[in-house]
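Participant: In our numbering, the protein residues as written are 1273 to 1484.
Cβ atoms here follow ideal geometry from the backbone N, Cα and C, with glycine treated the same way.
All figures in this text were calculated on a predicted structure; none of them were measured in a lab.
Can you keep this structure in mind? I'll have questions shortly.
Quick look at the structure:
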């Protein structure tokens, strides 16, 4: 089954609680974006303190859009989050990050920015639980969907047909079926959901287009 995952990119704990409350009735999981203002120009909540004591039925995945994730991952593994994504472009110590998450028995994905070739992660593909393709430039809501990523995913899926694929950015009822047709199994949606006046309807609009 294709999973539709609302993304949360916020600057305060209050915003975090508001968005979690808003999507909790309609999703099983949320995708929390953490940006440090270094790897990407935007900056979000730091996240660690904000997740402490968080009362939610949602599973929380954390997308670390941060420089040198190996310096942060140990702290994140102590949170309620069960899934982590880091960027190959942000570290020269990817193996260290992967090993730490796997040792904690949590899910690990490796992310590729739109212009980064799959060859950059070839040595790690068999070790990660999924590969995370950015279909917009990372760091902000509302980025323009980059069509070239569709072919990139198609080629990856041909080479690695059993590896789960997550796609993040520009997910709408129009783009979602193009992505699932080439192998995407998880779709991270932000702007389309949050700009809608009806979150349930927005999520359902995407679901209807991919027939789930």
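If distances are taken between C-alpha atoms only, which option among 1318, 1302 and 1443 comes closest to residue 1415?
Facilitator: Position 143 of the chain shown holds residue 1415. Ranking 1318, 1302 and 1443 by Cα distance to residue 1415 puts 1443 first.
Participant: Quick one: grab the DSSP three-state call for residue 1446.
Facilitator: What you label residue 1446 is simply residue 174 of the chain shown in a count that begins at 1. If DSSP states are grouped into helix, strand and coil, residue 1446 belongs with coil.
Participant: Return the chain-ordered list of same chain residues with a C-beta closer than 7 Å to the C-beta of residue 1524, the five sequence neighbours on each side being excluded.
Facilitator: The structure shown does not extend to residue 1524, since the chain is modelled only from 1273 through 1484, so no value can be given for it.
Participant: Using the Cα positions of residue 1273 and residue 1345, report the straight-line distance between them to the nearest angstrom.
Facilitator: Position 1 of the chain shown, counted from the start, is the residue given in the question as residue 1273. Position 73 of the chain shown, counted from the start, is the residue given in the question as residue 1345. Rounded to the nearest angstrom, the two C-alpha atoms are 29 Å apart.
Participant: Near residue 1428, which residues of its chain fall below 6 Å by C-beta distance, leaving aside the five closest residues on each side in sequence?
Facilitator: In the chain shown, counting from the first residue as 1, residue 1428 sits at position 156. Excluding positions up to five away in sequence, the list reads 1390.
Participant: Grouping DSSP H, G and I as helix and E and B as strand, with all else coil, what is residue 1438?
Facilitator: Numbered from 1 along the chain shown, position 166 holds the residue referred to as residue 1438. Three-state result, residue 1438: strand.
Participant: With a threshold of 8 Å, are at least 3 pairs of Cβ atoms found where one atom belongs to the segment 1465-1474 and the other to the segment 1431-1439?
Facilitator: Touching, no.
Participant: Between 1289, 1338, 1419 and 1288, which lies nearest to residue 1312 when the distance is taken from Cα to Cα?
Facilitator: Counting from 1 along the chain shown, the entry for residue 1312 is found at position 40. Checked all of 1289, 1338, 1419 and 1288; the closest Cα to residue 1312 is 1338.
Participant: For residue 1287, which option in 1307, 1302 and 1317 has the closest C-alpha, if you only look at C-alpha atoms?
Facilitator: Here residue 1287 refers to the residue found at position 15 of the chain shown. The residue with the shortest Cα to Cα distance from residue 1287 is 1317.
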